[in-house]
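Residue numbers (our numbering): 271 to 494. Backbone N, C-alpha and C fix where the C-beta goes; we use that ideal spot for every residue, glycine too. Report on the structure given below.
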Amino acid sequence: MDSGGADEGTTARWMATHRGMYERATRHPFTVSIRDGTVDLVAFRRWLGQDYMFVREFVAFVASVLLKCCKQSDSTDMEIILGGLASLSDELSWFKKEAAKWGVDLVGTSPLSSNTEYCRFLQSFDDPEISYTVAITTFWIIETVYQDSFAFCIEEGHRTPSELLGTCQRWGSADFKQYCQSLQQIVDRCLANRTPDAVKSAEEAFLRVLELEVGFWDMSSSQS
Ligand SMILES: Cc1ncc(CN)c(N)n1
C-alpha cells in the first residue's frame with residue numbers, strides 16, 4: 271500500500287463504521303443460499319439474466335472511470351482500470367455461455383426496476399463534474415461486494431452446488447481479490463489527498479453502492 275498519505279486506510283474505516291450495511295450486501299440471503307446449497311434456481315437464472323444487462327452498462331461506467339483517470343496529471347492507475355475494463359469482454363462472453371447452459375434468454379430479458387435504478391446510477395458518472403475520487407471509490411466497492419460475496423460461497427464448509435462453483439470462482443478467486451485490493455489502494459491514496467467534503471462525497475457513493483447491491487440481490491431473490 272502507498273505509504274505517502276496521512277489518511278491512508280479510509281476505506282477500511284468505512285467498512286468498519288458501516289459494517290452492518292456492508293454485511294447486508296456481502297452476506298445477503300441470496301448468496302448465502304448459494305453457499306448453503308439451498309439456492310432457488312429460478313432466482314439464480316433471474317440473477318444471471320439481470321446481471322448480464324448490468325455488466326453491459328458497467329462497461330460504459332468503467333470507461334467513464336478510465337476517462338476521468340486519464341484526465342488526471344499523475345495517472346499510474348490507468349493500467350489497472352484498463353485491465354478491469356478489458357476483462358469485462360471475457361465476462362460478457364461468460365454470461366452468454368452460462369445463459370445458454372441455464373436456458374436463460376438474454377435477448378428476451380428486460381431489466382427489472384432495481385437493475386434499472388442501479389444502471390441509472392452508473393450512467394450518472396458520465397457527468398464530468400463527478401470527480402475521479404468518487405468514481406474510483408464507486409468502482410472499487412462495486413467489484414468488492416461481488417468479490418466478498420462469492421468468495422464466501424467457496425470458503426471452507428461451503429455446500430455450493432458444483433454447477434455454481436464456476437460462477438463463484440469468477441469473482442471469488444484469489445486473482446480477483448488481488449485486483450480489488452489494487453483498486454482499494456488507489457482509492458485510499460486518492461482519499462488521502464482530498465478535502466473532508468470530497469471524502470464525504472466518496473463515502474456517500476460507497477453507501478449508495480451498498481444499498482443498490484442489496485436491492486439487486488433482493489430483486490434476484492424475489493423479482494422486486
Ligand atoms: C450488480 C453487480 N455488482 C457487481 C458486479 C461485479 N462487476 C456485477 N457483475 N453485478
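Determine the DSSP secondary structure at residue 464, reduced to helix, strand or coil.
To locate residue 464, count along the sequence shown from 1; it is residue 194. Three-state result, residue 464: coil.
Use the C-beta contact count for residue 310: other C-beta atoms within 10 angstroms, 16 or more gives buried, fewer gives exposed.
By 1-based counting over the sequence shown, the position of residue 310 is 40. Exposed: under 16 other Cβ atoms inside 10 Å.
Assuming residue 395 and residue 482 form a contact by the criterion Cβ under 8 Å, report the distance between their Cβ atoms to the nearest whole angstrom.
In the sequence shown, residue 395 corresponds to position 125, counting from 1. In the sequence shown, residue 482 corresponds to position 212, counting from 1. Not confirmed; about 13 Å, so no contact.
Is residue 470 buried or exposed, if buried means 16 or more other CB atoms sit within 10 Å of its CB?
What you label residue 470 is simply residue 200 of the sequence shown in a count that begins at 1. So residue 470 counts as exposed.
Please state whether the Cβ-Cβ distance between residue 424 and residue 439 is less than 8 Å.
Within the sequence shown, residue 424 is the residue found at index 154, counting from 1. Within the sequence shown, residue 439 is the residue found at index 169, counting from 1. In terms of Cβ geometry, residue 424 and residue 439 form a close pair [threshold 8 Å].
Give me the Cα-Cα distance between residue 474 and residue 480, rounded to the nearest whole angstrom.
The residue labelled residue 474 in the question sits at position 204 within the sequence shown. The residue labelled residue 480 in the question sits at position 210 within the sequence shown. Between residue 474 and residue 480, the C-alpha separation is close to 10 Å.
Rounded to whole angstroms, how far is the Cβ of residue 372 from the Cβ of residue 318, which I believe are closer than 8 Å?
Residue mapping note: residue 372 aligns to position 102 of the sequence shown, counting from 1. Residue mapping note: residue 318 aligns to position 48 of the sequence shown, counting from 1. That belief holds up - the Cβ atoms of residue 372 and residue 318 are roughly 6 Å apart, short of 8 Å.
Reference residue 378; option with closest CA among 295, 472, 320, 385:
If you number the sequence shown from 1, residue 378 lands on position 108. The shortest Cα separation from residue 378 among 295, 472, 320, 385 belongs to 320.
Beta-carbon distances below 7 Å to any heavy atom of ligand 1 define the shell here; list its residues in chain order, please.
Here the residues come out as 321, 324, 325, 328, 388, 412, 413, 415, 416, 441, 483, 486.
Among residues of its own chain, excluding the 5 on either side of residue 306, which ones have a beta-carbon nearer than 7 Å to its beta-carbon?
Position 36 of the sequence shown, counting from 1, holds the residue named residue 306. Closer than 7 Å at the Cβ level, and outside the excluded window around residue 306, lie 429.
If we define contact as Cβ-Cβ less than 8 Å, is residue 409 a contact residue for chain D?
Although the question refers to chain D, the structure presented lacks it and comprises just one protein chain.
Taking 7 Å as the cut-off, does the CB of residue 335 come closer than this to any heavy atom belonging to ligand 2?
With respect to small molecules bound, the structure shown includes ligand 1 and not ligand 2.
Any idea what DSSP makes of residue 448, helix, strand or coil?
Position 178 of the sequence shown, counting from 1, holds the residue named residue 448. When DSSP states are grouped into helix, strand and coil, residue 448 belongs to the helix group.
Rounded to whole angstroms, what's the CA-CA distance from residue 368 to residue 362? Just pull it up for me.
To locate residue 368, count along the sequence shown from 1; it is residue 98. To locate residue 362, count along the sequence shown from 1; it is residue 92. Rounded to the nearest angstrom, the two C-alpha atoms are 10 Å apart.
Starting from residue 371 and walking both ways along the alpha helix (DSSP H), at which residues does that stretch end?
As a position in the sequence shown, residue 371 is number 101, starting the count at 1. Where residue 371 is concerned, the enclosing alpha helix (DSSP H) stretches over 348-372.
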